[in-house]
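Peer 1:
Numbering (the working numbering), first residue to last: 643 to 777.
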């Protein structure tokens, strides 16, 4: 790649990826800590069922917020491509707003959901281990 396109090709796509990562991580973390609200109900204790439910919700919220970026915008970079705003305009004009959620269930949610659940379940187990070692 460096020989054919130069060293700047190594950084291609970083900007759209960073702009996708910010809402992804913010929405995952903010919606995961919805777990505090679950703990106020009589149905949940601070256990794996509560953590699973909160992480399931976090994955769904993050997928819904980032699906528009995943559908077309992440594929809009590269030589000969239009700007991100032009891709959005063309997609809205040709397909309507539903273009943003076409791949929500099959590609985005099924890919992100298991990862989010594993990350937060692992986080909670590591927090318990640290608390246990501290006494």
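Glycine included, every Cβ here is placed at the ideal spot set by N, Cα and C.
It should be emphasised that the depicted structure is a prediction, and the values quoted were computed from it without experimental measurement.
Given 8 Å as the limit, is there contact between the stretch 754-771 and the stretch 700-709, that is, 3 or more CB pairs closer than that?
Peer 2: Yes, the stretch 754-771 is in contact with the stretch 700-709.
Peer 1: Give the range of the alpha helix (DSSP H) segment to which residue 756 is assigned.
Peer 2: 752-776
Peer 1: Sorted by chain position, which residues of the same chain lie with C-beta nearer than 7 Å to residue 688's C-beta, five sequence neighbours on each side aside?
Peer 2: 681
Peer 1: Assuming contact is defined by CB atoms lying nearer than 9 Å, are residue 647 and residue 693 in contact in what I supplied?
Peer 2: no
Peer 1: Please report the distance separating the alpha-carbon of residue 773 from that of residue 695.
Peer 2: Between residue 773 and residue 695, the alpha-carbon positions lie close to 22 Å from each other.
Peer 1: In this structure, how does DSSP classify residue 709 when only helix, strand and coil are distinguished?
Peer 2: Looking at residue 709 - three-state DSSP - the assignment turns out to be helix.
Peer 1: Spatial neighbours of residue 664 within its chain, please: CB distance less than 8 Å, with the 5 preceding and 5 following residues excluded, ordered by chain position.
Peer 2: The beta carbon of residue 664 sits closer than 8 Å to no other beta carbon from its chain once the five residues preceding and following it are set aside.
Peer 1: Tell me the rounded alpha-carbon separation between residue 650 and residue 658.
Peer 2: 15 Å
Peer 1: Spatial neighbours of residue 754 within its chain, please: C-beta separation below 7 Å, excluding the five flanking residues on both sides.
Peer 2: 701, 704 and 705
Peer 1: Please tell me whether residue 708 and residue 654 are closer than 9 Å, where the distance is taken between their beta carbons.
Peer 2: no
Peer 1: Contact check, residue 669 vs residue 758 under 8 Å by CB: the rounded distance?
Peer 2: Not really, about 10 Å apart at Cβ, beyond 8 Å.
Peer 1: For residue 681, report the span of its alpha helix (DSSP H) as first-last.
Peer 2: 677-681
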